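See below for the structure under consideration.
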Ligand code: ZN
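In my numbering, the protein residues as written are 16 to 195.
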């Protein structure tokens with residue numbers, strides 16, 4: 016939080032180069048080491064429209080992938096107050112915290128994969144939440160930006176205490192302790 020790349024609109028990827036392939040391999044490694052259920056390129060300091068995701072189903076069946084230059088369609092979120100237990104999310108760019116946030120229950124995402132082939136994802140529930148969270152990252156939006164006033168104040172307090180909210184702070188998944 017606070018680094019300009021996290022608060023800016025990311026650029027289209029266009030052609031997939033070796034550099035992009037290396038970046039994506041690194042993003043998968045970082046996401047798994049965190050561990051996280053998704054990771055957007057701006058979170059590793061790269062302002063490109065790419066995110067990875069990984070969310071196994073209840074039987075441990077993997078559901079993971081990468082999407083480049085995604086477009087997201089969603090049904091409007093249900094009105095009402097989000098549930099603390101069922102609708103709380105977290106973010107590797109505001110680590111160690113979770114806040115409730117209402118999201119749409121169903122999304123469709125189109126984009127391309129690393130081979131330039133079209134990708135279409137149609138998901139509900141937590142997977143739809145992940146898609147919305149990661150897509151937001153590509154538009155410079157952190158989930159904390161979407162919280163209600165009371166939680167936003169808490170976020171500001173935490174950020175002040177930990178020295179976040181300005182450029183230059185980072186942590187290395189698998190190396191640094193996020194609760195430090
Ligand atoms: Zn995030």
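Each residue gets a CB set at the ideal place from its N, CA and C atoms; glycine is no exception.
This structure is a prediction, so every number in the text was calculated from the model and none was measured.
Nearest by alpha-carbon distance to residue i: which of the options is it?
i           : options           : result
residue 113 : 139, 162, 140, 72 : 162
residue 190 : 22, 47, 40        : 47
residue 192 : 39, 80, 49        : 49
residue 125 : 115, 98, 116, 136 : 136
Tell me which residues share the same chain as residue i and place their Cβ nearer than 8 angstroms to its Cβ, disregarding the 5 neighbours each side in the sequence.
i           : result
residue 33  : none
residue 130 : 31
residue 16  : 108, 109, 157, 159, 174, 179, 180, 184
Relative to the ligand ZN, is the shortest distance from any of its heavy atoms to the C-beta of residue i smaller than 7 angstroms?
i           : result
residue 66  : no
residue 22  : no
residue 158 : yes
I'd like the list of long-range same chain contacts for residue i, defined as Cβ closer than 7 angstroms, with 5 residues on each side in sequence excluded.
i           : result
residue 63  : 25, 26, 28, 56
residue 145 : 52, 53, 68, 70
residue 45  : 54, 59, 188
Once you ignore the five residues that flank residue i on each side, which residues in its own chain have a CB closer than 6 angstroms to its CB?
i          : result
residue 18 : 182
Are residue i and residue j closer than 8 angstroms when you measure CB to CB?
i           : j          : result
residue 118 : residue 92 : yes
residue 81  : residue 39 : yes
residue 147 : residue 89 : yes
residue 155 : residue 22 : yes
Can you list, in chain order, the stretches of the alpha helix (DSSP H) that have 4 or more residues and sit fully within the stretch 97-168? Positions of the alpha helix (DSSP H) runs, each at least 4 residues long and wholly inside the stretch 97-168, are given as 140-153 in order along the chain.
Unbroken beta strand (DSSP E) runs of length 3 or more, entirely within the stretch 21-84: which are they? Segments of the beta strand (DSSP E) lying fully in the stretch 21-84: 53-55, 65-69.
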